[in-house]
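Colleague: Sequential numbering of the sequence shown, starting at 4, is according to the numbering used here.
Where a beta carbon is used, it is the ideal one built from N, C-alpha and C, also for glycine.
These figures come from a predicted structure and were not determined experimentally.
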Amino acid sequence: MPTQRLTDLPDTVRRLIEKASGPVLDVGNINAGLNSAIAARVRTADRTLFVKGLPMDHPRVWTQKREAQISPHVRGIAPKLLWHVEEDGWSLLGFEYIDGGHADFTPKSPDLPAVMATMIRLADVPAPALELKTMPHRLRTYVDDPANLSWFAGDSLLHTEWNPHNILMTGDRALFVDWGWASTGAAWIDPALWLLWLIAHGHTCEQAERAAAAHPAWERAPAEGLHALACVQRRLWDSIAAESTDDWATPMQEAARSWEEHRR
Numbered sequence: 004m005p006t007q008r009l010t011d012l013p014d015t016v017r018r019l020i021e022k023a024s025g026p027v028l029d030v031g032n033i034n035a036g037l038n039s040a041i042a043a044r045v046r047t048a049d050r051t052l053f054v055k056g057l058p059m060d061h062p063r064v065w066t067q068k069r070e071a072q073i074s075p076h077v078r079g080i081a082p083k084l085l086w087h088v089e090e091d092g093w094s095l096l097g098f099e100y101i102d103g104g105h106a107d108f109t110p111k112s113p114d115l116p117a118v119m120a121t122m123i124r125l126a127d128v129p130a131p132a133l134e135l136k137t138m139p140h141r142l143r144t145y146v147d148d149p150a151n152l153s154w155f156a157g158d159s160l161l162h163t164e165w166n167p168h169n170i171l172m173t174g175d176r177a178l179f180v181d182w183g184w185a186s187t188g189a190a191w192i193d194p195a196l197w198l199l200w201l202i203a204h205g206h207t208c209e210q211a212e213r214a215a216a217a218h219p220a221w222e223r224a225p226a227e228g229l230h231a232l233a234c235v236q237r238r239l240w241d242s243i244a245a246e247s248t249d250d251w252a253t254p255m256q257e258a259a260r261s262w263e264e265h266r267r
């Protein structure tokens with residue numbers, strides 16, 4: 004479920020931002036980052052930043068720490084992290100501000116090649132020596148046979164969260180944001196998870212798989228592994244749609260069901 008968004012910066016948060024970046028001249032809310040209590044464009048005398056934050060007692064505050072840890076390893080693929088502050092009850096991340104829109108996943112979108120190009124660059128990034136979640140662990144509750152989890156194992160760094168709000172388009176480049184759920188697993192999983200979002204935005208299963216096939220790891224994806232992932236994703240999105248009021252939950256549930264049927 005999305006985190007309750009604050010519409011104004013608390014005085015404590017403003018002071019922490021000014022401590023890190025100087026006097027705040029202007030603040031504008033960002034209509035993205037649904038898992039953040041604070042998501043704001045902040046202008047100081049020297050630069051404009053994107054600041055996101057959660058209270059330290061929030062159950063997902065660990066995602067803030069994970070983003071801070073991942074950031075040095077994904078330079079050029081993600082906006083640059085300028086600072087990370089944990090003080091006075093808040094965890095705050097200050098990023099360079101990217102003046103760009105979110106990716107368009109509809110068929111024939113000009114954004115799709117750039118998204119894939121950055122995804123391929125990510126595949127070349129060695130998984131950092133961090134205690135990242137693994138895909139077998141994340142998906143363990145959605146399989147009947149634990150042996151199927153072996154299909155998802157691997158040492159590739161994966162983003163995994165392919166909501167178009169997590170991709171910023173600037174010129175002909177795609178930058179990936181919201182790395183809190185970065186994980187390790189088989190390299191083909193990222194394009195496979197991405198194709199579900201393509202289906203939800205109007206692609207047929209065949210079109211979505213053709214788009215995913217531009218990723219070098221796709222040709223190494225075992226048919227049994229793709230079938231297992233399709234089954235897992237259908238169960239996952241059935242669970243999410245049953246509880247979520249987000250407008251994207253039902254289209255994703257329908258996409259996951261379509262892909263599972265396609266993969267039978």
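Assign residue 161 to buried or exposed, taking buried as 16 or more other Cβ atoms, counted over all protein chains shown, within 10 Å of its Cβ.
Modeller: Along the sequence shown, one-based indexing puts residue 161 at 158. Classification of residue 161: buried, given that the 10 Å Cβ count is 16 or more.
Colleague: Does the Cβ of residue 144 have 16 or more other Cβ atoms within 10 Å, making it buried, or fewer, making it exposed?
Modeller: For the purposes of this step, residue 144 is identified with residue 141 of the sequence shown, where counting begins at 1. Exposed, since its Cβ has fewer than 16 Cβ neighbours within 10 Å.
Colleague: What do you reckon, are the CB atoms on residue 231 and residue 151 nearer than 9 Å?
Modeller: Within the sequence shown, the letter at position 228 stands for residue 231. Within the sequence shown, the letter at position 148 stands for residue 151. Yes, Cβ-Cβ distance for residue 231 and residue 151 is below 9 Å.
Colleague: Can you tell me whether residue 169 is helix, strand or coil according to DSSP?
Modeller: Working through the sequence shown from its first residue, we reach residue 169 at position 166. The answer is helix: DSSP assigns residue 169 an H, G or I state.
Colleague: Using only the alpha-carbon positions, how far apart do residue 3 and residue 28 sit?
Modeller: This structure gives no information on residue 3, because the portion of the chain shown stretches from 4 to 267.
Colleague: Quick one, are the C-beta atoms of residue 164 and residue 191 less than 9 Å apart?
Modeller: Working through the sequence shown from its first residue, we reach residue 164 at position 161. Working through the sequence shown from its first residue, we reach residue 191 at position 188. Between residue 164 and residue 191, the gap from beta carbon to beta carbon reaches 9 Å or more.
Colleague: Is DSSP giving residue 133 helix, strand or coil here?
Modeller: Within the sequence shown, residue 133 is the residue found at index 130, counting from 1. The answer is coil: DSSP assigns residue 133 none of H, G, I, E or B.
Colleague: For the beta strand (DSSP E) containing residue 77, list its first residue and its last residue.
Modeller: For the purposes of this step, residue 77 is taken as residue 74 along the sequence shown, with counting starting at 1. No beta strand (DSSP E) holds residue 77; DSSP gives it neither H nor E.
Colleague: Can you check which of these residues, 198, 131, 181 and 243, is closest to residue 266 by C-alpha distance?
Modeller: Mapped onto the sequence shown, residue 266 falls at position 263. The option with the nearest alpha carbon to residue 266 is 198.
Colleague: Taking the alpha carbon of residue 217 as the reference point, which residue from 41, 131, 258 and 126 has its own alpha carbon closest?
Modeller: In the sequence shown, residue 217 corresponds to position 214, counting from 1. For the residues 41, 131, 258 and 126, the minimum Cα distance to residue 217 belongs to 126.
Colleague: Using DSSP bridges, identify the partner residues of residue 41.
Modeller: As a first step, residue 41 must be located in the sequence shown, where it is residue number 38. According to DSSP, which records beta bridges pairwise, residue 41 is partnered with 56.
Colleague: Which residues does DSSP pair with residue 95 in a beta bridge?
Modeller: Working through the sequence shown from its first residue, we reach residue 95 at position 92. Beta-bridge pairing links residue 95 to 56 and 88.
Colleague: Would you list the residues sitting across from residue 29 in a DSSP beta bridge?
Modeller: Taking the first residue of the sequence shown as position 1, residue 29 is located at position 26. In the DSSP output, where bridge partners are listed per residue, residue 29 has 46.
Colleague: For residue 59, count the other beta carbons within 10 Å of its own beta carbon; 16 or more makes it buried, fewer makes it exposed. Which is it?
Modeller: Sequence index remark: in the sequence shown, residue 59 carries index 56 (1-based). Exposed, because fewer than 16 other Cβ atoms sit within 10 Å of the Cβ of residue 59.
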